[in-house]
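The structure appears right after this line, and notes come after that.
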Amino acid sequence: MFTSGTEANPKGVMHTHNTLGAGTRQPYDALALAPDDVVFMASPIGHITAVLLAARIPVMYGMTTVWQDVWNPEAAVDLIAREGCTFTFSATPFLHGLVHASNANRDTLRTLRLFGCGGAPIPRELVRRAEDVHGFRVAACYGSSEALVVSATTAEVPPERRYGADGRILPGVEARLVDPDTGAPRRGGEEGELQVRTPALFAGYHRDPQRTAAVVSADRWYSTGDLCTLDAERYLNVVGRKTDMIIRGGANISAREIEELLFAHPKVVSVACVAMPDPLLVERVCAFVICRPGEPLTFEEMTAFLRDQRVAAWKLPERLEIRDSFPMTASGKIQKYVLREEIERLVGQKALVR
1 MFTSGTEANP
11 KGVMHTHNTL
21 GAGTRQPYDA
31 LALAPDDVVF
41 MASPIGHITA
51 VLLAARIPVM
61 YGMTTVWQDV
71 WNPEAAVDLI
81 AREGCTFTFS
91 ATPFLHGLVH
101 ASNANRDTLR
111 TLRLFGCGGA
121 PIPRELVRRA
131 EDVHGFRVAA
141 CYGSSEALVV
151 SATTAEVPPE
161 RRYGADGRIL
171 PGVEARLVDP
181 DTGAPRRGGE
191 EGELQVRTPA
201 LFAGYHRDPQ
211 RTAAVVSADR
221 WYSTGDLCTL
231 DAERYLNVVG
241 RKTDMIIRGG
251 ANISAREIEE
261 LLFAHPKVVS
271 VACVAMPDPL
281 LVERVCAFVI
291 CRPGEPLTFE
301 EMTAFLRDQR
311 VAAWKLPERL
321 EIRDSFPMTA
331 SGKIQKYVLR
341 EEIERLVGQK
351 ALVR
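Okay, structure coming up:
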C-alpha cells in the first residue's frame, strides 16, 4: 500500500500476511472490539486505516462493515443510525465533520460507542465535545503505514490521560526515544524521535532499499520521524514531525502546538501551520485557516487569541492565509508539503535546504 503523501511523494509500503495479521490483532484487542460490533468506514479501501479496521478485522472476527464511498457528514450520521454502527476509525477531519453535522445528536448517534482517531492532531476540545454532547468515546491512536497501530487510548485509560496523550504503547510493541540528530538515547521525560519495534513492522519500501535502510536498522528498529514524549507508564504524546518543526532564528516551534490552540478559536474550522521561508530568520510561521461561513478571521484576531493563550511572541504566526479548503489525501490528512510549496510561491522565496 502507499503512504498518504502528506510530506512528499507517496512510498510503496510492503507488508506480509504475518505483519498484517499482527497489526490486525493488536487494535482489535486494545480497543476491546467484539464480533457483534458494526464498523462504519469512510476512509478509502486502499488506505491502511480501512485495510485494517474495516476489511481485515471484520473478516477475521465475523463483524459487519458499513462503507461510505464518498464522505458526507450528514449522510454518515444517517448510515450510522440506520445500520446501528458502533465503531469507526478515521482521521481528525472526519471526527470534526461528524461532531458538527447538522443532524448529529445523542439520538441519531446513540449506537456509536467508539471513534478511533489518528493520522493528524486531535484537538482536545473536539474529544470533549464528542463525549459530552454526543455521548461516544474518542480513542486517540497513533500509527503509520509502516508500523501499523502503535498506541491507543484504551477503555481503562483515565479521563485526564485521554485528553493529554496520543494513546498508550500497545502490548507487544517496543518503543524508545532518541536524539533526532545523533540517535543517542533520550532520558525519561525528554523529547525525542520515536523508534518502534513491532511484529507488525513493514517489510520495506517497494524497490527502494536505500529509503528502507534510512529508517529501519539492522535489528528492526523503525525511525518514525515523529518527535514525541514517552513517560514511564508508556503514554505517548506526539509533539510534531521532524519535518513539521518550524525553525525560526534557531528556535524550534511545534506546528502542532499552534494548530491545537487555533483549533479552539470559535471562527476556525480547520488550520495548518507551515514553515514560511524568510531571508533573515530562515523560517517563520504561516497559518493556513478555514473559517466558519460568514465569520472571517483577521490576523489581529488570530494573534490576540494566541497571546491570550500565553503563546510566546516568537512562536506567533507571522502570516495568515484564509482558504475555503485544503489539499487533502483521500484518507483525510492535510498535504502540508503542498501548502509549503504554495507559501514559497507567495513570498517569492524557496525554502533553505539544510
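The opening residue of the sequence shown carries number 1 in my numbering; numbering runs sequentially from there. Backbone N, C-alpha and C define an ideal beta-carbon position, used for all residues, glycine too.
Spatial neighbours of residue i in its chain, beta-carbon cut-off 6 angstroms, leaving aside the 5 residues before and after
i: H15; result: F202
i: E125; result: A264
i: T154; result: A30
i: E156; result: none
Cβ shell of residue i (< 8 angstroms), same chain only, five flanking positions each side left out
i: N18; result: P199
i: L177; result: P185, R186, E190, E191, G192, E193, L194, Q195, C228, T229, L230
i: K358; result: Only positions 1 to 354 of the chain appear in this structure, which leaves residue 358 out of reach.
i: A101; result: P73, E74, A76, V77
i: R106; result: V133, H134, G135
8 angstroms contact criterion, which residue i and residue j should meet: CB distance rounded
i: F136; j: L109; result: 6 angstroms
i: A104; j: L98; result: 6 angstroms
i: F115; j: L33; result: That pair is no contact at about 13 angstroms.
i: V13; j: T24; result: That pair is no contact at about 16 angstroms.
i: A232; j: G164; result: 15 angstroms between Cβ atoms; not a contact.
i: L297; j: V268; result: 7 angstroms
Per DSSP, cross-strand counterpart(s) of residue i
i: D278; result: V282
i: Y397; result: Outside the modelled stretch of the chain, which goes from 1 to 354, sits residue 397, for which no answer is possible.
i: Y222; result: V196, V216
i: M14; result: G204
i: M328; result: I334
i: F87; result: V39, L114
i: S102; result: Per DSSP, none; premise fails for S102.
i: M245; result: S254
i: R137; result: L114
i: I322; result: V289
Sub-7 angstroms separation of residue i and residue j beta-carbons
i: D166; j: L236; result: yes
i: R248; j: R284; result: yes
i: S43; j: S325; result: no
i: P123; j: E260; result: yes
i: Y28; j: I57; result: yes
i: A81; j: T65; result: no
i: L320; j: M302; result: yes
i: L170; j: Q26; result: yes
Same chain, Cβ closer than 7 angstroms to residue i, neighbours up to 5 away in sequence not counted
i: D181; result: none
i: A272; result: E259, F288, F326, I334, K336, L339
i: E341; result: none
i: V347; result: M276, P277
i: E83; result: V38, V66
Closer than 7 angstroms to chain B by CB, residue i
i: L339; result: Judged by its chain identifiers, the structure shown contains no chain B, having just a single protein chain.
Stretch-stretch touch, CB-based, cutoff 8 angstroms, three pairs: the stretch 194-213 with the stretch 139-154: yes
field: At least 3 beta-carbon pairs within less than 8 angstroms: the stretch 284-294 vs the stretch 150-167
entry: no
Cβ pair count under 8 angstroms reaching 3, the stretch 250-264 against the stretch 305-316: yes
task: Would you be able to state if there are at least three C-beta pairs under 8 angstroms between the stretch 226-241 and the stretch 33-40?
output: no
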